[in-house]
Amino acid sequence: MDPDDSHPDTPSPAPRRPDRGGSTAAAPGTGSGRGRAEPPREPHRPGRLRQAIEAAGARGRRLRAALAGGPPPGPARPEFWRSPIRGPWLTSVLGAGLLVGIPVMFVTGLLSYAAYNPDLAAVNDQTPDKGWLGFYLFSWPTDPSWLYRLTQGVHVTLGVVLVPVLLAKLWSVIPRLFSWPPVRSAAHALDRLSLLLLVGGALFEFVTGLLNIQLHYIFPGSFYTLHFYGAWVFIGAFVVHTAFRIPVMVRALRSRRLRTEMRTSTGATLPEPPDDTGLVSPRPAPATISRRGALGTVGLGSLVLFAVTAGQSIGGSLRRTALLAPHGQEPGGGPDGFQINKTAASVGIRAADIGPQWRLVVRGPGHESVLTRDQVLALPQHEAALPIACVEGWSTADQHWSGVRLRDLAAMAGFPGRAPEVFVESVERGGSFGSTVLRANQVQDPRSLLALRVNGADLSPDHGYPARIIVPANPGVHNTKWVTRLTFGAAS
Ligand code: HEM
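At position 352 of the sequence shown the residue is numbered 934 (this note's numbering), and the sequence of numbers has no breaks.
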C-alpha cells in the first residue's frame, strides 16, 4: 500500500510507535480481524514531568559535554591573558593594601552610623531594621570636638584613595573570575560564591559611596540602607576571603623582594613561575610595563586622588586643592564664609518661616515657653569654637558660634539638674533631617548651643537663621538649622 494514496474511508495504518529498542512492532489492538475499525488512538504522550526530566537530562548531558570539552575560546582560556606581570606576588602586594584599608573603611563607616545615635530615637535611624547588626552601638561622645570630622574625613578620603588599588587588584585576579570549569565541586562553588559577594560587595560599596559624596542620589532606594547592609555583606565575604588567602599571600610576598622589584626595569621584567593560582599567564607577552611601573601608576593614582580630595576634610589653604569637593573650594569671605550643605531654598524655607513672626518653643513635661528671637538673644549667651563635619566627608575649620546653651534651655524646660535628651524640630519642609534627637550627654556639654550668631554676625539664612543647633563631634546633618521647637525629655 502506497502510503500517500490515502482515501478518506480507508484508515491509514496506525503509526507504528517505535519502541524503546527502535524496532517497529504491531501496536496492541490493531488488526484484530474483527472487521470493526478502531478509531486511531492518540500516540502515547509521556507525562509533562517526564518530559521536563528528559529535557533537563539532555541539557545536563550537553553541559557536561561542553564542560568536558574544555574552556570555550576567549577569557576562559588561560592563554587569553597575556600580561607577564600578573601573578600571586603583584596580587598580594595590592591585597596587602586593601587588607589595611578595608577594615579602616568598615570601622569608620560603622562609627558614622553610631554618630547618629540611631538607637536613641526612630527619627535618628535611617536603617531601623538592622536588628543585631546594631550590637556595637554606643552613646556617641562630644569629645574631642573634631572626632566625627576625623572619622568621616578618613572614611571618605580613604575610600577615594583606595579606588586605584581596588581596580588594580581586580585587574590582577580577573583570569580567576573566568576560570574553567565555572564550578568543579560544592566547595569550589562556595568559593566562587564568596568571590562574587566579595567583588560585587566591593564594587557596590565603592560605587554607592562615590555617588553619594558627589551628590548623585541615583540609588534604587535609600543610600543608608543600601550602603549599610552592603557593608556587612562585603565585610563578611572579605573576612572569609582573607582567612583562606592569607597563607597564599604570605608565601607570595616572601617569594620576591619588593626592593628588587623596585629596581627591575620593564626590559628585565619576567613572569612569575607558573603555579596553580591561575594568575600567571602560560603564554606571556613581552613586558610593556614593569611591576614597579604598575605599582607606581597605582600609587600615583591614589596620591593624585588624595591631593584632590583630602583638602575638603583637612581645610585651611589645602581646601583649594580639593577639586573633587562637590561643595566647592572657596565658600567666600566674611562671617558666613564656610561650606553649606543644604541652602534654605533647597529645603523649602520661605521668608515668612524665618521672619519676625518666627518663634522658638521650648517644652518640657508640663512646661512650655514661646520666645521671640530678641527674647532668645536676651538669655545668657555663650561661645564655642566648633567645626561643621558633614557625612559626605567634607568639614569646616572651627567657627566661632554664640548662642544659648542647650542645658540652660533644658533648665528652662524644667530640668535644672542633669539635662535629658531633646527632640529638635526645624521649620524645614521635606528634607530628611528636619528633626533629630540629641542625647543627654550632647545636651549637657557646655559647648552645645542653640546658636544665633557665628563669627561675630547673625547667622545667614543658609546657615540656619534665626537659630540652629551646634554640638561638638556631631554629624553635620544633626546640627539642625532653622530650629523652631525643642522638646526636652521626649525622644520621639
Ligand atoms: C569610595 C568608597 C566609599 C565612600 C565614598 C563612602 C562614603 C560614605 C558616606 C558618605 C557615608 C555616610 C552616609 C551618611 O551618613 O550620610 C558612609 C557610611 C558608611 N560607609 Fe561608606 N563609603 C565608601 C566605602 C565604604 C566601604 C568599602 C565600606 C565597608 C567596608 C563602607 C561602610 C560604610 C558604613 C557601614 C557606613 C554607615 C552607613 C549608615 O550610616 O547607615 N563604606 N560611607
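The C-beta atom is built at its ideal place from N, Cα and C for all residues, glycine as well. Owing to the predicted nature of the structure, the values given are computational and were not obtained by experimental measurement.
Cβ-based burial, residue i [other Cβ within 10 Å; buried from 16]
i	result
His-770	exposed
Leu-702	buried
Thr-978	buried
Val-886	exposed
Val-952	exposed
Arg-630	exposed
Gln-633	exposed
Glu-950	exposed
Met-994	buried
Leu-968	buried
Glu-636	exposed
Met-687	buried
Val-682	exposed
Proximity winner among the options, relative to residue i (alpha-carbon distances)
i	options	result
Pro-947	Pro-653, Leu-961 and Val-1004	Val-1004
Leu-729	Ser-694, Leu-861, Val-743 and Pro-710	Ser-694
Ala-869	Pro-666, Ser-727 and Trp-762	Pro-666
Cys-972	Val-1053, Arg-838 and Arg-659	Val-1053
Pro-864	Leu-877, Ala-638, Gly-652 and Arg-668	Arg-668
Glu-1007	Arg-630, Gly-782 and Asn-706	Asn-706
Thr-690	Gln-734, Pro-670 and Ser-727	Gln-734
Ile-931	Ile-922, Gly-1013, Gly-898 and Arg-901	Gly-1013
Ala-658	Leu-692, Val-747 and Val-765	Val-765
Leu-692	Val-781, Glu-661, Trp-722 and Pro-763	Trp-722
Pro-660	Trp-762, His-798 and Arg-644	Trp-762
Thr-848	Trp-983, Gln-963, Phe-997 and Ala-867	Ala-867
For residue i, the three-state DSSP class (helix, strand or coil)
i	result
Gln-981	strand
Val-1065	strand
Ala-966	strand
Phe-820	helix
Leu-974	It should be noted that the sequence gives Glu, not Leu, for residue 974. Three-state result, Glu-974: coil.
Gly-946	strand
Phe-688	helix
Phe-788	helix
Phe-805	helix
Val-952	strand
Phe-920	coil
Pro-1057	strand
Residue i Cβ short of 7 Å to the ligand GTP heavy atom set
i	result
Thr-709	The ligand content of the structure shown is limited to the ligand HEM, which means the ligand GTP is not among them.
- Item | Continuous beta strand (DSSP E) assignments of at least 3 residues falling wholly in the region 987-1054 | 1004-1008, 1017-1020, 1031-1036 and 1050-1052
- What are the uninterrupted segments assigned as alpha helix (DSSP H) that are 4 or more residues long and contained completely in the region 697-783, given in chain order? 729-759
- Any chance the region 984-997 sits against the region 1027-1043, with 3 or more Cβ pairs inside 8 Å? yes
- Minimum length 3: unbroken beta strand (DSSP E) runs contained in the region 827-859: none
- Item | Meets three-Cβ-pair contact criterion under 8 Å: the region 784-791 and the region 799-818 | yes
- Message: So within the region 625-679, which uninterrupted beta strand (DSSP E) runs reach at least 3 residues, ignoring any that extend past its ends?
- Response: none
- Take every Cβ of the region 1038-1045, pair it with every Cβ of the region 911-925, and state whether three or more of those distances are shorter than 8 Å. yes
- Message: Using 8 Å as the cut-off, can you tell me whether the region 816-832 makes contact with the region 673-680, which would need three or more C-beta pairs spanning the two stretches below that distance?
- Response: yes
- Message: Check whether the region 767-784 and the region 881-897 are in contact - that is, three or more C-beta pairs closer than 8 Å.
- Response: no
- Touching by the beta-carbon criterion (3+ pairs, under 8 Å), the region 734-749 and the region 874-884: yes
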